[in-house]
Amino acid sequence: MTDITDDISEEISFQGFEDDCKLLGNLLNEVLQREVGPQFVEKVEKTRVLAQSACNMRNVGIEDTAELLEKQLAAELSQMTLEEALPLARTFSHYLNLSGIAETHHRVTKIRSTEKQSKSCDDTFNQLVQGGVSPDELYSTVCNQVVEIVLTAHPTQINRRTLQYKHIRIAHLLEYNDRPDLGQEDRDMLIEDLKREISAIWQTDELRRHRPTPVDEARAGLNIVEQSLWRAVPHYLRRVSNALKKHTGNPLPLTCTPIKFGSWMGGDRDGNPNVTAKVTKNVSLLSRWMAIDLYIREVDNLRFELSVNQCTKNFSRLAHEILEKENSMEDRHDIWNPSSLRNQFKDNSHHAPPLPTQLPTGADLPSCAERNEVESHYPRLDVPGSEFTPSHSEDGQSSLRVKESMHDISNLTIKTHGNDAVSNSGNAQSPVTPRGSSFCSSQLLARRKIFAESQLGRTSFDQLLEPSSSQRPGIAPYRVVLGDVKQKLLKTRKQLELLLEDLPCEHDYKDCYETSEQLLEPLIMCYESLKSCGSVILAEGRLADLIRRVATFGMVLMKLDLRQESGKHSETLDAITNYLDMGTYSDWDEDKRLEFLTRELKGKRPLVPPTIEVASDVKEVLETFRVAAELGSGSLGAYVISMASNASDVLAVELLQKDAHLSIAGELGRPCTGRTLRVVPLFETVKDLREAGSVIRKLLSIDWYHKHIIENHNGHQEVMVGYSDSGKDGGRFTAAWELYKAQEDVVAACNEYGIKVTLFHGRGGSIGRGGGPTYLAIQSQPPGSVMGSLRSTEQGEMVQAKFGLPQIAVRQLEIYTTAVLLATLRPPKPPKEEKWRNLMDEISKISCSSYRNTVYENPEFQAYFREATPQAELGFLNIGSRPTRRKSSVGIGHLRAIPWIFAWTQTRFVLPSWLGVGSGLKSICEKGHTEDLRAMYKDWPFFQSTIDLIEMVLGKADIPIAKHYDEVLVSESRQELGAELRRELLTAEKFVLIVTGHEKLSENNSSLRKLIESRLPYLNPMNMLQVEILKRLRRDEDNNKLRDALLITINGIAAGMRNTG
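Numbering (numbering that gives the first Met the number 0), first residue to last: 0 to 1060.
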């Protein structure tokens, strides 16, 4: 029952899937026998059998008997005590999660066992060449393709991270269990391991007890890179390269990567006051730290692999220069470094010796091996920055804080995790001198400076560990050069740790890596030397993988986007113009705003006086722009303006950026590093989507802006379109059509001014928020809107589902690549006739009117929504750092799209995804256009994908379950509204089937239908339990045990639906 696996919808082996579900279910029962008792297991089985019987009756059309069985099930569940209901909810929730693990495992198995996969690079390249695309054109298009996947922290990942890890562990055990050479003893041990994992899951609290911070969310994103994408990217790029070589004769250039990654985690401040300028700075530095740490591990592995001596003369010369430089530094170190200081800081250095002295973890594995459970040889700094309190969060995420004391600063201890705790002084128990102590500030600064310098230098202790030159058996040149690389990486990592701790870090930047180009230079020299000496096979192994990782992830893993709502920028400019006695900016009309902004942008002086005093929220906006200027475009990606509606919204951000750059440059006495960030307007509401093309035309008609785009952004304009709020605003069908037309208009506007455009798709996970299969979505975009470039968000639970396992991640990356490639070289068909567009306009108008009349105009709907769904209780889930509403209003207008979708998904009514569709299609069919709609479905990819996604959602909707919520929870005066909505759902089903020609829903997706049916015996009781618990909780709102039980049912239903919001 899933949106998330449809991208890889190859038919799985249902026999194997059912066998694994049975195995995991039996092991769960064994655990329950031991933990809860046999009587409880009997009750679980009785409930399951009753639910299964009701499902069977419905499947064969015996509705009356099914209804009687469902009423009996609901009655039995309603009579349970809370102590009985809670473990039952937990049991069904865990079973649905285990079923999902088995499903994912079998999809991975199918991917591995299929020789020629559809949508793969090999299949798509062959298809294009056979279709007439020349090898040269194919090669050039792939090499120039730019796709960026942006991971966001939208609060839709309901599982705690500790449970996610246990689920991954079970998936690995299922994979091991499939080995044909597994002996009986090994298989018995494996079963015991599975029992242990399931026991640990049962004994783990599945609820988050505290709301995550933005840093927690960012760390979760970095963990996805470390656990999966780090291994998946080289594998994916090898596939691209091999397919290119096969079909064009040329491999993918080593530093060329068709896909990169971005992030909103720690940068998305739209409606989230917890994302501050300091948080953004720390998250960016933490991302750099993680990148460097990962590179250190890879370089260590490489140094052991490249033990060969053959190299080019130039490379040999470089190795000798490095050795001479090190000897020279050692001599100077002995002369100038007093022994007292050397002894004081003898353990503070992590110098990389020219020759390895210890085998790193995983170095014995081949470069292509997947190392699932390998721990880093290097200690891991978990949460940096002294602003974080010392704690161990529920997910095992340790927090780090500088321990404050009156002791000497030289005794600083940094708490780490990994194989060992690393102390940065001889006395591991002496903490740091506090900033607020009685020490003289100059004395404290001097001590800090000595400490910081010691972190970056070498000590006599290091020298004792290294063999002298005369004892070295010979020079291994690659190890020498890579040893130098590692030394610089270690210094870079230490520099970042000091910056994260707000400690001084004065050193020569030549000793550290600032850019990926600096790191790539020695690696490519190694590569070229190996190739020149005939060791191509060595060059193309682990070394090539590392080079490709650097090209893909750079020095930050994922560049961080900033996002803020347009009104915040207007408030900031209000404060500035009022301070300067220029009037109130937001009171001006659009022309006056543009005149003011353009004039200031052309000027050379700062606009914001350094003495200005402003409110705290305005100060935070200004501080964000200062941090952006400090970090620069090397660490940050785009600045996204949500709720953009005018050209002035874009110029306002350009002006605030420029002003921050001038201010920072004045303080530093030199220009800021990097360019200003590209500014991306986000059009979200139906009204704003309709005006998007006009706004872009107005922007590009301004001489300053047009010149700025050409000179500073390579003639490239990026525009973001939002699927979530547009769907909540006008319904899914209207949103889809307005998004299509907006993209057409934006592309046309940019073409008129000779500007290239990249469309950034803000897609959610559910169909109601623009989700669904990636391939289908890209292939149904307007012709010309995907011209070799695309950005798209992946949100919440979708990140784990699509990229949590390396094998699944490789497949998803291929799908992104091939879908964009096909949309570029073989654009989707436009509507054949103008009549089709007119029909779409009419359907959209009727659909939108029906949707808005229900959601926004009906005075009873808001109360019905609160009664019929658990929307009000979702806030207790603690699944995100941001509030559920943009503003403190009770109306649906200010409710975020995620809880809006989430609440209806829980009741299995999934109303936002289909409401209004039935009215629109019915009206057109009754006017005699049924055959036109069928022709549109057959020959227009956009219309076909829109109808298919709606059909998929209708297949998930369950009228009897939705009716049960109404009968128990909704007041009698609003019961008729629920009945009317259910009739509207039936209308939508009827006319979708008429358009598609299908006899029943999901007829063309038998795999999805079987999966839905397999989960219903566990999912239906969960919904009935939720109804009963909601009923009790609304009578006893302070009952925390009832609240916990409700949250467990929410978790279980989300697992069964494989979707939240």
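Glycine included, every Cβ here is placed at the ideal spot set by N, Cα and C.
Keep in mind that this is a model prediction, so the values were computed, not measured.
With DSSP collapsed to three states, give me the class of residue i.
| i | result |
| --- | --- |
| Phe260 | strand |
| Asp1037 | coil |
| Ser634 | coil |
| Phe908 | coil |
| Pro609 | coil |
| Asp407 | Only weak support is given to the placement of Asp407: the predicted model assigns it a pLDDT of 35, under 50, and the value that follows is read from those uncertain coordinates. Residue state, collapsed to three classes: coil. |
| His209 | coil |
| Gln163 | helix |
| Glu225 | helix |
| Arg1008 | helix |
| Phe624 | helix |
| Ser970 | coil |
| Asp267 | strand |
| Val639 | strand |
| Leu894 | strand |
Smallest Cα separation from residue i: which of the options?
| i | options | result |
| --- | --- | --- |
| Leu162 | Ile200, Ile148, Ile190 | Ile200 |
| Thr256 | Lys245, Arg237, Asp269 | Arg237 |
| Gln974 | Lys21, His171, Glu866 | Glu866 |
| Leu824 | Pro233, Leu31, Ser198, Pro134 | Pro134 |
| Ile814 | Arg851, Lys834, Pro772, Ser970 | Pro772 |
| Asn308 | His319, Ile1011, Asn300 | His319 |
| Leu545 | Lys755, Thr311, Val298, Ile695 | Val298 |
| Thr254 | Pro605, Glu516, Ile169 | Glu516 |
| Ser791 | Ser262, Lys244, Asp180, Gln14 | Ser262 |
| Thr945 | Ala776, Leu821, Lys999, Ser970 | Ala776 |
| Gln794 | Gly36, Ile148, Lys603 | Ile148 |
| Trp288 | Glu496, Arg696, Leu481 | Glu496 |
| Arg541 | Phe552, Glu979, Leu522, Phe314 | Leu522 |
| Arg1014 | Gln51, Leu22, Pro680, Asn25 | Gln51 |
Buried or exposed: residue i, going by 16 or more other Cβ atoms within 10 Å of its Cβ?
| i | result |
| --- | --- |
| Asp185 | exposed |
| Asn1019 | buried |
| Gln78 | exposed |
| Pro608 | exposed |
| Glu710 | exposed |
| Asn423 | Because Asn423 carries a pLDDT of 37, less than 50, the predicted location of this residue cannot be relied on, and no value is offered for it. |
| Thr212 | buried |
| Gln343 | Its pLDDT being 40, under 50, Gln343 is placed unreliably by the model, and the measurement read from it follows with that caveat. Buried, because 16 or more other Cβ atoms sit within 10 Å of the Cβ of Gln343. |
| Trp913 | buried |
| Arg168 | buried |
| Leu579 | exposed |
| Lys280 | buried |
| His760 | buried |
Report, in whole angstroms, the separation of the C-beta atoms of residue i and residue j, which I expect to be a contact under 8 Å.
| i | j | result |
| --- | --- | --- |
| Asn1050 | Glu102 | Not a contact, Cβ separation roughly 17 Å. |
| Ser725 | Ile845 | So it is not a contact: roughly 17 Å between Cβ atoms. |
| Ala902 | Leu920 | Wrong, their Cβ atoms sit about 25 Å apart, outside the cutoff. |
| Thr576 | Trp703 | About 19 Å; that fails the 8 Å criterion. |
| Lys755 | His715 | 5 Å |
Ends of the beta strand (DSSP E) at residue i?
| i | result |
| --- | --- |
| Gln716 | 715-721 |
| Thr151 | 145-151 |
| Leu758 | 755-761 |
| Glu564 | 558-564 |
| Leu305 | First-last for Leu305: undefined, no H or E at that position. |
| Arg677 | 677-682 |
Which residue comes first and which comes last in the alpha helix (DSSP H) that contains residue i?
| i | result |
| --- | --- |
| Leu596 | 589-601 |
| Ser791 | Note, Ser791: premise wrong, no alpha helix (DSSP H); beta strand (DSSP E) at 788-794. |
| Gly99 | 81-112 |
| Thr995 | 974-995 |
| His707 | 702-711 |
| Asn837 | 833-851 |
| Ala822 | 805-824 |
| Thr551 | 543-552 |
| Val43 | 37-58 |
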